[in-house]
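So that you can map any letter, position 46 of the sequence shown is 46 in my numbering, and since no number is skipped, the others follow by simple counting.
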Amino acid sequence: AADHHWLALACELAAECPPSETAFSVGAVVVAADGTELARGHSREGTDPVVHAEEAALAKVDPTDPRLVTATVYSSLEPCARRASRPAPCARLVLDAGVRRVVTAWREPDTFVADADGSGVLAAGGATVVVLPEHEDRAKAPNGHLLGR
Ligand SMILES: [Zn+2]
Numbered sequence: 001a002a003d004h005h006w007l008a009l010a011c012e013l014a015a016e017c018p019p020s021e022t023a024f025s026v027g028a029v030v031v032a033a034d035g036t037e038l039a040r041g042h043s044r045e046g047t048d049p050v051v052h053a054e055e056a057a058l059a060k061v062d063p064t065d066p067r068l069v070t071a072t073v074y075s076s077l078e079p080c081a082r083r084a085s086r087p088a089p090c091a092r093l094v095l096d097a098g099v100r101r102v103v104t105a106w107r108e109p110d111t112f113v114a115d116a117d118g119s120g121v122l123a124a125g126g127a128t129v130v131v132l133p134e135h136e137d138r139a140k141a142p143n144g145h146l147l148g149r
């Protein structure tokens, strides 16, 4: 039940992203094992026009916070495996933060990059990825203009 609550929040955050023609609108929440929200973020947040949701959220957590190793990252879209805007994709940022569990609504389509397999990168790094497709429609809603092609 908690997974659904937090993933629904991530999908709400996705709707707050400034629209873009070149990147998905995504929301993310970092939640400790005891249910404490550690941080939240969304794509192109604040003054950073290329920041990704997971990146924005993780940047708000102290990297030495011991709760990260048992935390979950909830992301409306699967963390990216590669990106044009920065060298470190979100799947790598999640692993580097020590997080080993990700819950997402939707696997990344090959709209902007080929072989967008963030789940594969995460799994190879020892993380568990859970997909809750019940939230897929809400995760896709702010991205309709990118998916109509
Ligand atoms: Zn990303």
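Note that the Cβ used here is the ideal one computed from N, Cα and C, for glycine as well.
Remember, it's a predicted structure, so these values are computed and weren't measured experimentally.
Let me confirm a value: residue i is counted as buried when at least 16 other C-beta atoms fall within 10 Å, else exposed. Which label applies?
i      : result
Pro19  : exposed
Gly118 : buried
Arg86  : exposed
Gly148 : exposed
Gly46  : exposed
Glu54  : buried
If you draw a straight line from the alpha carbon of residue i to that of residue j, how long is it in whole angstroms?
i      : j      : result
Pro109 : Arg100 : 23 Å
Ala59  : Ala127 : 19 Å
Leu7   : Gly144 : 19 Å
Ala105 : Leu77  : 6 Å
Asp137 : Cys90  : 22 Å
Thr64  : Phe112 : 33 Å
Gly129 : Ala116 : Note on residue identity: the sequence assigns Val, not Gly, to residue 129. Straight-line Cα distance between these residues: approximately 15 Å.
Ala155 : Gly35  : The structure shown does not extend to residue 155, since the chain is modelled only from 1 through 149, so no value can be given for it.
Is any non-hydrogen atom of ligand 1 found closer than 8 Å to the C-beta of residue i, if you look at the structure I gave you?
i      : result
Arg101 : no
Val61  : no
Report yes if the C-beta of residue i is less than 8 Å from at least one heavy atom of ligand 3; otherwise report no.
i     : result
Ala84 : With respect to small molecules bound, the structure shown includes ligand 1 and not ligand 3.
Run through the DSSP bridge pairs and tell me what residue i is partnered with.
i      : result
Val29  : Arg40 and Tyr74
Thr128 : Arg101
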